[in-house]
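Chemist: So the sequence shown is numbered by the working numbering: it starts at 1 and just counts up by one.
Virtual Cβ for every residue (Gly too), placed ideally from N, Cα, C.
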Amino acid sequence: MKKYHVYGIGAALVDKEFEVEDSFFAHESIQKGIMTLVDGESQDTLLHRLMDKFGLKKRAGGGSAANSIYAISQFGGNTFFSCKVANDEFGDYFVQELGDLNIHTNLGNDREEGVTGKCLVMVSPDAERTMLSYLGISETLSKSEIDVEALKDSEYLYLEGYQVTSDSGREACIFAREIAKDNGVKTSITLSDPAMVQFFRGGLQDMIGDGVDLLFANDVEAKEWAGTDTVEDAIEELKKISKQIVVTCGSEGAQLFDGENNISIAPHNVKAVDSNGAGDMFAGAFLYAVSSGHDFETAGNLASLAAATTVSHFGPRLTPDQHEDIKANVIK
């Protein structure tokens, strides 16, 4: 049995969440519903406007793969996370938010000078999240942050599609995927965001290489990748690059392909207030389940309940007690 259930690679960011009106996006020329990369000065300017107009709703540890790794650890999985934060206050906060339960990292007490990445998360009345991210030092994540021995001793490697925007981050993911392939570690990847598929498809193809074991996408990303109008057709196209597939469909549940069969996962009817982190939670819960020996249907049911719980409150992460309750409801 391997030491780690999942080895993740991703951006280390601190989220600042705001409740905003839809008119704000038009006023600031922000495209709703996607993640946009900005420079530090632009982010600071917008941050001041958000603080003045709406006030800060919540600060939380963030980063897509980081959220998934956190969820896996809280469900009981052992994890390793490769990332990069600076030796500033935000870096200290990010590490603190990871907690001391089941997460090992490459981070030591000798973090570099610089600025830790931040993400402005704007939640509109329909619970949709729109993000403006400044990666800071996280943009320089590279092969140097990969712990090869820890990766070899993992059941799954989990690659964050957002890494495609960084030359060194993309190279680190390709490097890790090759190590995983050579050492019998299953590789999983998330497409992360429609903008990644639309504008960085070639880089994602490089990260995927000759195929992965498990691919995560939401319905918009899946159809954008496949150039289809339906999730069902998109899954057929995605089979060309992944042995197994998970496509989340928001309030309509999820569609899975376990390598042999298509499986539908029912949604949970909740009042959605914040979709930030829902996909991260779904992936984290799912990876916890499959890396612990559960079948796809069980994994999908756990992930569906976890994601529904996440969207019903502000912030991308749940408390330890919430993880335990969700697990107890699905895994007997």
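Between which two residues does the alpha helix (DSSP H) containing D92 stretch?
Modeler: Where D92 is concerned, the enclosing alpha helix (DSSP H) stretches over 89-98.
Chemist: Cα separation between L56 and G259?
Modeler: Computed Cα separation, rounded: 44 Å.
Chemist: Rounding to the nearest angstrom, what Cα-Cα distance links A285 and A299 in this structure?
Modeler: Approximately 7 Å between the Cα atoms of the pair.
Chemist: Identify whether T228 lies in helix, strand or coil by the three-state DSSP scheme.
Modeler: Coil at T228, not helix or strand.
Chemist: Can you have a look at L101 and say buried or exposed, based on whether 16 or more other CB atoms are within 10 angstroms of its CB?
Modeler: The residue in question, L101, is exposed, as its Cβ has fewer than 16 Cβ neighbours within 10 Å.
Chemist: Could you give the distance in angstroms between the alpha-carbon of V212 and the alpha-carbon of H323?
Modeler: Cα-Cα distance, rounded: 28 Å.
Chemist: Where DSSP assigns a beta bridge to K16, which residues make up the other side?
Modeler: According to DSSP, K16 bridges with R59, L120.
Chemist: Quick one: grab the DSSP three-state call for N262.
Modeler: Here N262 sits in strand by DSSP.
Chemist: DSSP state of L214, grouped into three classes?
Modeler: Note: L214 maps to strand in three-state DSSP.
Chemist: Less than 8 Å between the CB atoms is what I'm expecting for D15 and P316, so what's the real figure, rounded?
Modeler: Rounded, the Cβ-Cβ distance is 7 Å, consistent with contact.
Chemist: Just checking my contact of F282 with T248 at CB under 8 Å: how many whole Å lie between their CB atoms?
Modeler: Confirmed, Cβ separation roughly 5 Å.
Chemist: For L47 versus L135, is the C-beta spacing smaller than 8 Å?
Modeler: The answer is no: Cβ separation not under 8 Å.
Chemist: Roughly how many angstroms lie between the CA atoms of N329 and T187, to the nearest whole one?
Modeler: Distance between the alpha carbons of N329 and T187 is about 28 Å.
Chemist: Buried or exposed: which applies to S264, given that a residue is buried once 16 or more other Cβ atoms fall within 10 Å of its Cβ?
Modeler: When all chains shown are included, S264 counts as exposed.
Chemist: Over what stretch of residues does the beta strand (DSSP E) that includes Y156 continue unbroken?
Modeler: Residues 154-160.
Chemist: Of all the options A66, I103, Y93, N87, which has the alpha carbon lying nearest to the alpha carbon of G77?
Modeler: Nearest option by C-alpha distance: I103.
Chemist: Considering only the beta carbon of each residue, do L132 and T45 sit closer than 8 Å?
Modeler: Contact flag unset, no.
Chemist: In angstroms, rounded to a whole number, what distance separates the CA positions of G63 and A12?
Modeler: Between G63 and A12, the C-alpha separation is close to 5 Å.
Chemist: Please classify F349: is it buried, with 16 or more other beta-carbons within 10 angstroms of its beta-carbon, or exposed?
Modeler: What is shown of the chain runs 1 to 332, which leaves residue 349 out entirely.
Chemist: Which residue comes first and which comes last in the beta strand (DSSP E) that contains S133?
Modeler: Residues 129-136.
Chemist: Mark G91 as exposed unless 16 or more other C-beta atoms lie within 10 angstroms of its C-beta, in which case mark it buried.
Modeler: Buried, by the Cβ-count rule.
Chemist: Can you grab the Cα-Cα spacing for the pair F175 / K143, in whole Å?
Modeler: Cα to Cα, the separation comes out at about 7 Å.
Chemist: To the nearest angstrom, how far is the alpha carbon of F314 from that of D280?
Modeler: Near 14 Å, if we compare the C-alpha coordinates of D280 and F314.
Chemist: Where in the region 267-302 do unbroken runs of the alpha helix (DSSP H), each at least 4 residues long, occur, reported from the N-terminal end onward?
Modeler: Segments of the alpha helix (DSSP H) lying fully in the region 267-302: 278-291.
Chemist: Quick one: residues in its chain with C-beta nearer than 6 Å to the C-beta of G61, no 5 flanking neighbours on either side, listed in chain order?
Modeler: F94, E97.
Chemist: Look at the alpha carbon of E178 and the alpha carbon of G184, and state the distance between them as a whole number of angstroms.
Modeler: Straight-line Cα distance between these residues: approximately 10 Å.
Chemist: Reducing DSSP to helix, strand and coil, say where I103 ends up.
Modeler: In this structure, I103 counts as strand in the three-state DSSP scheme.
Chemist: Does the beta carbon of F81 fall short of 7 Å from some heavy atom of the ligand SAH?
Modeler: Ligands displayed in this structure: none; no statement on the ligand SAH is therefore possible.
Chemist: Roughly how many whole angstroms lie between the Cα atoms of E155 and A180?
Modeler: So the two alpha carbons sit approximately 9 Å from each other.
Chemist: So V246 packs on F216, CB below 8 Å; how close in whole Å?
Modeler: That pair is a contact at about 5 Å.
Chemist: If you check the beta carbons only, do L204 and Y7 fall under 8 Å apart?
Modeler: The answer is no: Cβ separation not under 8 Å.
Chemist: Considering Cα atoms alone, identify which of N269, S138, G114, V38 is closest to C83.
Modeler: Among N269, S138, G114, V38, the Cα nearest to that of C83 belongs to S138.
Chemist: By Cβ distance, which residues of its chain are closer than 6 Å to D22, with the 5 residues on each side in sequence left out?
Modeler: Excluding residues within five positions, the ones whose Cβ falls inside 6 Å are S124.
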